[in-house]
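First to last, the protein sequences are chains A and B.
Numbering-wise (the working numbering), the first sequence opens with residue 6 and increments by one.
Numbering-wise (the working numbering), the second sequence opens with residue 6 and increments by one.
Beta carbons: idealized from backbone N, C-alpha and C, even for Gly.
2 protein chains.
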Amino acid sequence: MAPQPDDQPMSAPDSQDRHEAISRLVKRFGDRVTTNDGIRNQHSNSLTWHAAEPPDVVVFAQDTGEVAEVVAIAAKYRMPIIPFGAGTSLEGHVNAPWGGISLDLSGMDAILCVNPGDLDCTVEAGVTRGALNSHLRDTGLFFSVDPGTQEATIGGMAATRASGTTAVRYGTMRDNVISLQAVMADGTVIDTASRAGKSAAGYDLTRLLVGSEGTLGIITQATVRLHGRPEAVIAAVAGFQSLDQACQVTMQAIAMGLGLARIELLDPLTLRAVNAHAGLSLPEIPTLFLEFHGTGNAVLEQSAAFEELARSEGAVSFESAGDEQDRRRLWKARHDGLWAIREAWPGRTVLVTDVCVPVSRLAECIAETQADIAAAGLTAPIVGHVGDGNFHALPLHDPANEAERQKILAFSDRLAERAIRMEGTCTGEHGVGQGKIGSLRKEMGAAVDVMASIKSALDPLGILNPEKIFRLS
Amino acid sequence: MAPQPDDQPMSAPDSQDRHEAISRLVKRFGDRVTTNDGIRNQHSNSLTWHAAEPPDVVVFAQDTGEVAEVVAIAAKYRMPIIPFGAGTSLEGHVNAPWGGISLDLSGMDAILCVNPGDLDCTVEAGVTRGALNSHLRDTGLFFSVDPGTQEATIGGMAATRASGTTAVRYGTMRDNVISLQAVMADGTVIDTASRAGKSAAGYDLTRLLVGSEGTLGIITQATVRLHGRPEAVIAAVAGFQSLDQACQVTMQAIAMGLGLARIELLDPLTLRAVNAHAGLSLPEIPTLFLEFHGTGNAVLEQSAAFEELARSEGAVSFESAGDEQDRRRLWKARHDGLWAIREAWPGRTVLVTDVCVPVSRLAECIAETQADIAAAGLTAPIVGHVGDGNFHALPLHDPANEAERQKILAFSDRLAERAIRMEGTCTGEHGVGQGKIGSLRKEMGAAVDVMASIKSALDPLGILNPEKIFRLS
């Protein structure tokens with residue numbers, strides 16, 4: 006399958022085109038267009054190891070019609086267009102390797118409607134998950150997907166197929182998006198599905214756009230699933246003698262269908278960082294952080310069943326709490342994990358890896374990864390959404406030291422290959438972006454060509470977030 | 006977006022090409038190729054109003070490699086290729102309007118592996134849901150999707166995004182397929198995903214193929230999600246004074262998150278047919294058939310909460326049972342519904358409609374549909390997976406009477422338009438096939454062009470199940 010028509014090579018625009026495109030944008034959008042260095046840099050800012058590659062210009066859009074107008078200008082001048090929400094992605098998704106337009110959707114922050122009877126709501130792409138859940142506070146409903154920051158936008162989360170701590174119970178963005186509105190590369194505005202709870206009406210364009218990382222269309226609205234707040238919640242923390250023990254308990258709990266709402270692993274290095282960060286004195290041992298959601302009886306049964314399982318496998322501690330304040334106290338360490346790690350090793354950068362394996366291979370994959378970290382002489386805390394078989398090893402390095410950088414990149418490649426060998430994926434939730442292009446090919450083989458054919462069919466000029474997921478140039 | 010390259014018009018093959026293609030197939034596959042009239046007719050047989058359009062030839066494939074060989078021959082001679090599983094689809098999906106090759110995958114019926122630790126299994130496309138669940142009997146696990154026949158194949162169910170009675174709790178094929186192996190139009194064999202429980206590795210080709218109705222690739226293997234058998238099951242039957250009452254109770258139960266595993270509506274006409282068919286004497290009133298799955302305590306709580314809700318809304322009867330034999334007795338009427346209707350009106354054919362609306366619009370949509378049936382003077386039983394907002398009105402007609410046929414087709418169009426107006430879909434679970442092409446355009450608008458662009462990019466010769474979902478000719 007031909008990746009693109011021969012007469013329309015995908016490449017960076019020339020300087021004349023850039024200049025004219027920016028003039029057109031300024032003429033149309035006035036002071037919502039900027040070439041200010043600070044703002045351009047902020048729009049390519051990265052939370053991880055990817056170096057910033059700023060766009061030529063940032064445009065702040067206010068509605069779907071404006072997005073379509075920007076796309077038309079981008080198409081005319083072959084300017085790359087990079088959708089921007091909160092900039093919390095981890096794989097360089099908002100970088101502009103060919104320059105172009107960063108299209109900031111954060112101003113599209115209207116919650117358009119909430120339908121309690123259908124357990125859904127429709128929002129503009131720039132609504133953050135924090136704002137949405139605040140808005141829902143009095144409805145008894147909540148939006149479940151929790152990638153670890155309140156600032157992430159619903160549009161960005163859909164575009165990267167985000168998940169996080171609650172996916173083991175409530176699913177990822179794949180499961181929680183009902184329909185999307187998107188502007189396609191030719192300016193067409195589509196709705197990908199009706200609001201019906203299920204449908205067999207043609208190709209699943211919703212799921213095609215979820216996880217497409219801005220390369221197929223620009224998501225402007227989303228209708229997402231809501232869940233009833235559980236009648237009761239119990240939080241628990243269980244400490245183990247080894248990572249293997251914690252993994253074995255996780256695997257058994259999943260196979261038994263214990264109904265966990267969250268099950269998160271922190272390794273001793275992470276706990277040490279958290280203790281320093283938050284002034285805590287938690288035991289620095291492999292620890293599972295859990296939540297159980299359900300009726301009062303159900304959560305007591307689940308928590309008791311989990312405690313029995315954990316103790317039978319050698320857990321050294323188990324503490325649980327139902328009261329909200331106590332639950333917050335128990336879970337504080339987990340919520341602060343990534344920030345604590347950054348703080349504990351000042352001046353060093355983390356490469357956030359993201360493999361996910363079938364949960365039955367979790368213990369094996371983590372054990373091999375631990376051995377690899379030791380053999381390579383790396384410092385790499387491990388945290389994981391282990392109920393999904395998803396974990397992040399976070400090798401620390403000095404970004405200015407090229408030898409160190411190459412060493413951790415090689416580690417990341419080995420980790421991805423290990424997960425692929427164990428029937429898993431190089432990325433459970435962060436996406437491909439710029440960082441996993443090579444690993445995606447190793448994992449998916451010829452399926453990447455099918456993806457590229459779709460990309461070329463829907464974006465023949467290659468203007469939508471080029472050089473992400475694959476390189477077509 | 007151009008639907009296809011101009012130099013490769015999609016059209017039926019000429020007779021010379023047909024002849025040569027069949028010769029090539031016979032040479033390669035011997036007695037697994039047939040042009041026998043009875044077998045060709047059986048491969049285009051329809052359970053509903055679509056007239057049979059037989060293929061030129063039927064090929065029985067035994068593995069993925071053979072499927073790829075058939076695709077290569079089909080491509081060489083521009084022969085349509087129509088995947089065939091059990092032939093239980095309802096929208097003419099297995100018809101061959103341009104002739105071509107019916108590719109029978111029912112012999113690909115190996116269960117390749119079951120992974121209890123990961124709650125998944127991998128099967129060949131021709132495995133039936135009945136065979137899979139028999140195989141799983143001793144594992145404590147089951148495959149949940151239940152479209153109403155044990156004979157449906159997993160490949161066919163994936164291709165049509167099937168759902169049925171359990172979707173309200175366990176989801177549809179969209180939710181229960183982890184990965185697919187497929188042969189694409191150029192003969193490439195792809196795996197759409199790893200076996201990891203979640204992934205952000207590029208475009209979601211799994212979900213793109215689920216529901217693509219054989220138009221984008223031929224599904225040869227599927228890895229599907231399994232669920233633990235519930236510790237306890239309670240079945241229940243609740244009778245109401247009106248369809249509206251039954252709908253109101255359904256809508257409230259869903260909004261309250263009562264955790265129903267099944268909630269099915271039968272109208273009085275259907276119950277009359279069932280009584281005649283099975284020698285029962287059920288009250289011929291609007292009736293909900295329910296199942297609750299969970300722990301012993303949970304199902305008792307759920308059933309009691311539902312009974313309280315139903316009685317407070319005016320239910321005239323409520324009966325429940327936990328014992329398996331009693332549960333079967335209670336549910337018998339539901340399982341026999343469609344067959345009972347066929348038997349009750351001998352010589353008449355059903356058009357099986359399939360709208361699905363947001364559940365909050367269910368009562369309104371059914372009320373308007375009842376009024377429409379009455380005004381049009383039709384006989385049309387109504388059954389529904391009402392927890393999903395999905396129901397089937399089944400207008401009966403004499404297929405030889407063209408005036409009657411046009412009348413029920415007009416009714417079907419009005420019903421689809423009504424559902425679309427209520428933010429729903431023309432097809433909740435049966436797919437577009439040949440029957441909903443016009444309605445799909447009304448529902449999805451420009452999004453159909455996006456689908457057509459994908460189709461043309463992945464199948465430029467238009468050989469994969471042409472004239473289904475849309476017409477590109």
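Residues bridged to residue i [DSSP beta-bridge criterion]
i         : result
GLY97(B)  : GLY97(B) is not bridged to any residue.
GLU269(A) : PHE294(A)
ILE116(B) : VAL128(B)
ASN395(A) : CYS361(A), HIS390(A)
GLY467(A) : Its beta-bridge partners do not exist; DSSP assigns none.
Start and end residues, beta strand (DSSP E) containing residue i
i         : result
GLN186(A) : 182 to 189
SER406(B) : Reading off the sequence shown, one finds Asn at residue 406(B), where the question assumed Ser. Taken as a continuous stretch (DSSP letters only), ASN406(B) belongs to no beta strand (DSSP E), as it is neither H nor E.
ILE159(B) : Unbroken run through ILE159(B) is the alpha helix (DSSP H), 159 to 164; no beta strand (DSSP E).
GLY135(A) : Not the beta strand (DSSP E): GLY135(A) falls in the alpha helix (DSSP H), residues 134 to 140.
ASP331(B) : Per DSSP, ASP331(B) belongs to no beta strand (DSSP E); it is in the alpha helix (DSSP H), 329 to 340.
VAL242(A) : 237 to 244
GLU324(B) : 322 to 326
LEU314(B) : No beta strand (DSSP E) contains LEU314(B), which is instead part of the alpha helix (DSSP H) from 301 to 317.
Euclidean distance between Cα positions of residue i and residue j
i         : j         : result
GLU409(A) : HIS402(A) : 6 Å
ILE116(A) : LEU52(B)  : 45 Å
LEU420(A) : TYR82(B)  : 46 Å
LEU265(A) : THR170(B) : 25 Å
VAL229(B) : LEU137(B) : 11 Å
ARG212(B) : SER286(B) : 44 Å
GLU487(B) : LEU383(B) : One cannot answer for residue 487(B) here, as it falls past the ends of chain B, which runs 6 to 478.
ILE86(A)  : SER107(A) : 6 Å
ASP191(A) : LEU221(A) : 11 Å
ILE474(B) : ARG166(B) : 13 Å
GLY436(A) : MET113(A) : 23 Å
ASP61(A)  : THR358(A) : 29 Å
GLY92(A)  : ASP123(B) : 34 Å
GLU58(B)  : ARG23(B)  : 16 Å
THR193(B) : ALA451(A) : 7 Å
GLN47(A)  : GLU156(B) : 57 Å
Backbone secondary structure at residue i - three-state DSSP
i         : result
CYS370(B) : helix
GLN226(B) : strand
SER461(B) : helix
THR430(B) : strand
GLU58(B)  : coil
GLU472(B) : coil
ASP12(A)  : Model confidence at ASP12(A) stands at a pLDDT of 42, short of 50, so the residue's coordinates are unreliable; what they give is reported in the following sentence. Correct three-state label for ASP12(A): coil.
PRO88(A)  : strand
GLY202(B) : coil
HIS435(B) : coil
HIS282(B) : helix
PHE416(B) : helix
ASP109(A) : strand
VAL194(B) : strand
LEU146(B) : strand
THR170(B) : coil
PRO18(B)  : coil
GLY153(B) : coil
Endpoints, the alpha helix (DSSP H) within which residue i is located
i         : result
LEU221(A) : Where LEU221(A) is concerned, there is no enclosing alpha helix (DSSP H), given that its DSSP letter is neither H nor E.
LEU214(B) : 210 to 214
ASN46(B)  : 42 to 47
Residues in the segment 74 to 87 of chain B with C-beta within 7 Å of chain A's C-beta atoms, listed in sequence order? none
In the segment 428 to 456 of chain B, which residues sit with their C-beta less than 9 Å from some C-beta in chain A, listed in chain order? GLU428, GLY429, THR430, CYS431, THR432, GLY433, GLU434, HIS435, GLY436, VAL437, LYS441, SER444, LEU445, GLU448, MET449, GLY450, ALA451, ALA452, VAL453, ASP454, VAL455, MET456
With 7 Å as the C-beta to C-beta threshold (strictly closer), list the residues of the segment 172 to 191 of chain B near chain A in chain order. ALA172, THR177, ARG179, ASP180, MET189, ASP191
What residues in the segment 115 to 143 of chain A have a beta carbon less than 9 Å from any beta carbon of chain B? ASN120, PRO121, GLY122, ASP123, LEU124, ASP125
Using a Cβ-Cβ cut-off of less than 7 Å, give me the residues of the segment 14 to 43 of chain B that come near chain A, in sequence order. none
Taking only beta carbons into account, state which residues of the segment 202 to 224 of chain B come closer than 7 Å to chain A, listed in chain order. GLY202, LYS203, SER204, ALA205, ALA206, GLY207, TYR208, ASP209, LEU210, ARG212, LEU213, VAL215, GLY216, SER217
Between the segment 246 to 268 of chain A and chain B, which residues of the former have a C-beta closer than 7 Å to a C-beta of the latter? MET256, ALA260, GLY262
Give the residues from the segment 301 to 328 of chain A that approach chain B closer than 7 Å (Cβ to any Cβ), ordered along the chain. ASN302, ALA303, GLU306
Name, going along the chain, the residues of the segment 353 to 367 of chain B whose beta-carbon falls closer than 9 Å to a beta-carbon of chain A. ASP359, VAL360, CYS361, VAL362, PRO363, VAL364, SER365, ARG366
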